[in-house]
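Residue 6 is where the sequence shown starts when you use this note's numbering, and the numbers rise one by one after that. The C-beta atom is built at its ideal place from N, Cα and C for all residues, glycine as well. Here the structure is a predicted model, which means the values were calculated and not measured.
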Amino acid sequence: LHRPSPEEALQWRDSLEKLLQNPYGLASFRSFLRSEFSEENAEFWVACEDYKKTKSPVKMAEKAKKIYEEFIQTEAPKEVNIDHFTKAVTIKNLVEPSPTSFDMAQKRIFALMEKDSLPRFVRSEFYHELIK
Numbered sequence: 006l007h008r009p010s011p012e013e014a015l016q017w018r019d020s021l022e023k024l025l026q027n028p029y030g031l032a033s034f035r036s037f038l039r040s041e042f043s044e045e046n047a048e049f050w051v052a053c054e055d056y057k058k059t060k061s062p063v064k065m066a067e068k069a070k071k072i073y074e075e076f077i078q079t080e081a082p083k084e085v086n087i088d089h090f091t092k093a094v095t096i097k098n099l100v101e102p103s104p105t106s107f108d109m110a111q112k113r114i115f116a117l118m119e120k121d122s123l124p125r126f127v128r129s130e131f132y133h134e135l136i137k
């Protein structure tokens with residue numbers, strides 16, 4: 006991982022997407038989330054990105070089951086905070102897993118991180134170290 010320039014890191018204030026696409030930014034953001042016990046959101050987002058790139062239907066079904074068990078099902082070890090409707094739609098989508106099965110849940114978690122976690126990250130020491 007190469008450390009981003011302060012200019013590059015400054016762009017992350019306004020773009021969670023750019024932050025998550027940069028390996029160093031993602032690692033720093035995950036460290037920050039870990040420090041406040043909410044890393045499951047970024048882990049779920051990363052798992053969904055990986056899932057969408059899966060070509061084999063067999064592998065896709067395996068990954069879908071793993072993501073469901075780890076993040077979606079009630080009392081999951083890293084259960085993400087999604088509303089009942091989103092959870093129901095996601096479960097319905099998993100009857101026949103497709104690349105879009107987790108899209109609604111992933112969008113909800115992205116919006117939550119963008120609205121909630123990103124502003125706190127930008128105010129944190131983790132971020133201030135990057136823009137020095």
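For residue 21, the closest C-alpha among the options 123, 135 and 62 is that of 123. One Cα belongs to residue 136, the other to residue 10, and the distance between them is close to 8 Å. The continuous stretches of alpha helix (DSSP H) do not include residue 19, and DSSP gives it neither H nor E. Here residue 86 is not near residue 38, since their CB atoms are 8 Å or more apart.
Its chain contains 99 as the residues whose beta carbon lies nearer than 7 Å to that of residue 73, once the 5 sequence neighbours on both sides are disregarded; these appear in chain order. The C-beta separation of residue 83 from residue 45 comes to about 4 Å, placing the pair in contact by the 8 Å criterion.
Here DSSP, grouped into helix, strand and coil, assigns residue 80 to coil.
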